[in-house]
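Residue numbers (this note's numbering): 105 to 452.
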């Protein structure tokens, strides 16, 4: 037990330290993901250290102090995404239907064949806009009936797990499909017309993850997110960015995205809204996101039912309020953030 406890403590410390090294290689980035899991295991490790080590063992004291510090550090990082954190996005106090837009983000898992389950969940949630990710040509065919209820669409079915289908009840304008970084990784850029006539700029993204079997580095993902951040920052319209970013809400790259874009994360102060992996409860992370400009307030956000995908769908209902820009504050980028962002965008 002593050997196990020692190794566990050392590994947990290493797993916490690795993401502090701002290298694009997957070994450094992937350990950003299990922050809650590291916190839980650090608490277990601390308990074991207290109970199984001899009190006169110097290694015991060093590891116990280090794990205690690790718990405090991880708690500090996790806190913004709990009810104890400050809310970046305020909840609406007066509902105005013609200024509202509801969205559903669902990574369907390309090999999944439960098309009826997907359609049933969409019908149940009844969002204004549906974004389906990992959509192949077969998924496009099997979900084509959505066009009856959602007359506006932008579709990029691709059989490489990076296809996108965007359906909307609200009118879309100036729709574009762009390949910002990689020639086979699309993003959708379109304007949404709310019922009151207000235009909203929508970006739908799904960059590659930093994992050995797909892309050993986060370079392309980080660059795409920061390019979208620039587009959001420079846009005079209200902005919504949605998609599977293949990055967790608390990573330094997501925080850099928020700082450079001026967007807000509605999860802060409310919860994790873990969307992946649907089949492994102890290994779940918030990979599916909705970031919004300061002129939106939140009506509702929730995780929907799984339909045999490896992701849970996310539903969010927003309300445009021009005066909200004076009530909500985005994160500010400092000189170091700007320099880091420029370095990342210059790569490849």
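Where is the CB? At the ideal position from N, CA and C, for every residue including glycine.
Only a predicted model underlies this, so the values are computations on that prediction, with no experimental measurement involved.
In the three-state reduction of the DSSP assignment, residue 324 falls in the helix class, which pools H, G and I. The DSSP-derived three-state label of residue 299 is coil. The three-state reading of DSSP puts residue 221 in helix, counting H, G and I together. DSSP, reduced to helix, strand and coil, places residue 275 within a strand of the structure shown. Judged by DSSP secondary structure, residue 371 falls outside any alpha helix (DSSP H); it is assigned neither H nor E. Residue 306 counts as buried, since no fewer than 16 other beta carbons sit within 10 angstroms of its beta carbon. Here the alpha carbon of residue 327 sits roughly 30 Å from the alpha carbon of residue 408. Taking the CA atoms as reference points, residue 232 sits about 11 Å from residue 255. For the 8 Å CB-CB criterion, residue 268 and residue 237 form a contact.
For residue 404, the enclosing beta strand (DSSP E) begins and ends at 400-407.
Rounded to whole angstroms, the gap between the alpha carbons of residue 366 and residue 414 is 30 Å.
Taking a cut-off of 8 Å for Cβ pairs, the segment 304-319 and the segment 344-362 touch, as three or more such pairs fall below it. In the displayed model, residue 246 falls within a helix according to three-state DSSP. Pairing residue 249 with residue 272, the inter-Cα distance amounts to about 13 Å.
Looking at the DSSP output, residue 257 bridges to 271. For residue 383, the secondary structure class from DSSP, reduced to helix, strand or coil, is coil. The beta carbons of residue 398 and residue 422 sit no closer together than 8 Å. Rounded to the nearest angstrom, the gap between the Cα atoms of residue 383 and residue 206 is 26 Å. The alpha carbon of residue 375 has as its nearest neighbour, out of 202, 182, 266, the alpha carbon of 182. Contact between the segment 181-196 and the segment 160-173 is absent, with fewer than three C-beta pairs closer than 8 Å. Listed in chain order, the non-local C-beta contacts of residue 142 below 7 Å within the same chain comprise 116, 119, 120, 178, local neighbours out to five positions each way being set aside.
In the DSSP assignment, residue 389 is bridged to 380.
Judged by their CB atoms, residue 197 and residue 152 are not nearer to each other than the 8 Å cut-off. Annotation note: the segment 159-189 contains the following uninterrupted alpha helix (DSSP H) runs of length 4 or greater, listed N- to C-terminal: 162-182. In this structure the segment 330-341 touches the segment 357-366; the number of beta carbon pairs closer than 8 Å is three or more.
About 6 Å separates the beta carbon of residue 314 from that of residue 134, a gap short enough to meet the 8 Å contact definition. In the three-state DSSP reduction, residue 238 falls in the coil class, being neither helix nor strand. Ranked by Cα distance from residue 301, the first of 276, 288, 378, 293 is 276. Annotation: residue 207 is outside any alpha helix (DSSP H); the continuous beta strand (DSSP E) that includes it extends over 204-211. Cβ neighbours of residue 417 within its own chain (closer than 7 Å, five residues either side excluded): 208, 209, 210, 225, 408. DSSP places residue 229 in the helix class (H, G or I) of the three-state scheme.
Taking the C-beta atoms as reference points, residue 284 is found no nearer than 8 Å to residue 349.
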